[in-house]
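Visitor: Below you'll find the structure I mean.
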Amino acid sequence: MALNPQYEDIGKGFVQQYYATFDDPNLRANVANFYSATESFMSFEGVQLQGAPKIMEKLSSLSFQKISRVITAVDSQPMFDGGVLINVLGRLKINTAPVS
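Everything in the sequence shown is counted per UniProt numbering, starting at 1 for the first residue and increasing by one.
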């Protein structure tokens, strides 16, 4: 299988679109479209979640009203199946809490 040569552009574009959707309260439910119904995985504070319904349940349970972030790096790696593994690094500020 071939590696996708556009992996860096795909990673940056995905991150931009994901957070634009997540940050808009009117669009946030559409974040589910970024996840596979059964095959997506997410780890949150040591808890592993599988599938879009479980991931969205967790994201919907978060209590913050406002979030801002400073993305310091988007590292994308090509996968042998043509996919892209994306790692986002940065800092978050939730409501009025300090950036951490």
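From the three backbone atoms N, C-alpha and C, an ideal C-beta is built for every residue, glycine too.
1) So the candidates are Ile71, Arg91, Phe80, Ile94; which of them puts its Cα closest to the Cα of Lys12?
2) Quick one: give me the first and last residue of the beta strand (DSSP E) that Gln16 is part of.
3) Comparing C-alpha positions only, which one of Ala32, Asp23, Gly90 sits nearest to Lys66?
4) Rounded to a whole number of angstroms, what is the C-alpha to C-alpha distance between Ser36 and Val88?
5) Find out if the Cβ-Cβ distance for the pair Phe64, Asn26 is shorter than 8 Å.
Guide: Here's the rundown:
1) As a position in the sequence shown, residue 12 is number 12, starting the count at 1. Of Ile71, Arg91, Phe80, Ile94, the residue nearest in Cα terms is Ile71.
2) Mapped onto the sequence shown, residue 16 falls at position 16. Where Gln16 is concerned, there is no enclosing beta strand (DSSP E), although the alpha helix (DSSP H) it sits in stretches over 7-23.
3) As a working mapping, residue 66 is identified with position 66 in the sequence shown. Out of Ala32, Asp23, Gly90, Asp23 has the C-alpha closest to the C-alpha of Lys66.
4) Residue numbering aside, residue 36 sits at position 36 when the sequence shown is read from its first letter. Residue numbering aside, residue 88 sits at position 88 when the sequence shown is read from its first letter. Whole-angstrom Cα-Cα distance: 19 Å.
5) On the sequence shown, residue 64 is found 64 positions in, with the first residue counted as 1. On the sequence shown, residue 26 is found 26 positions in, with the first residue counted as 1. Result no, Cβ atoms of Phe64 and Asn26 do not sit closer than 8 Å.
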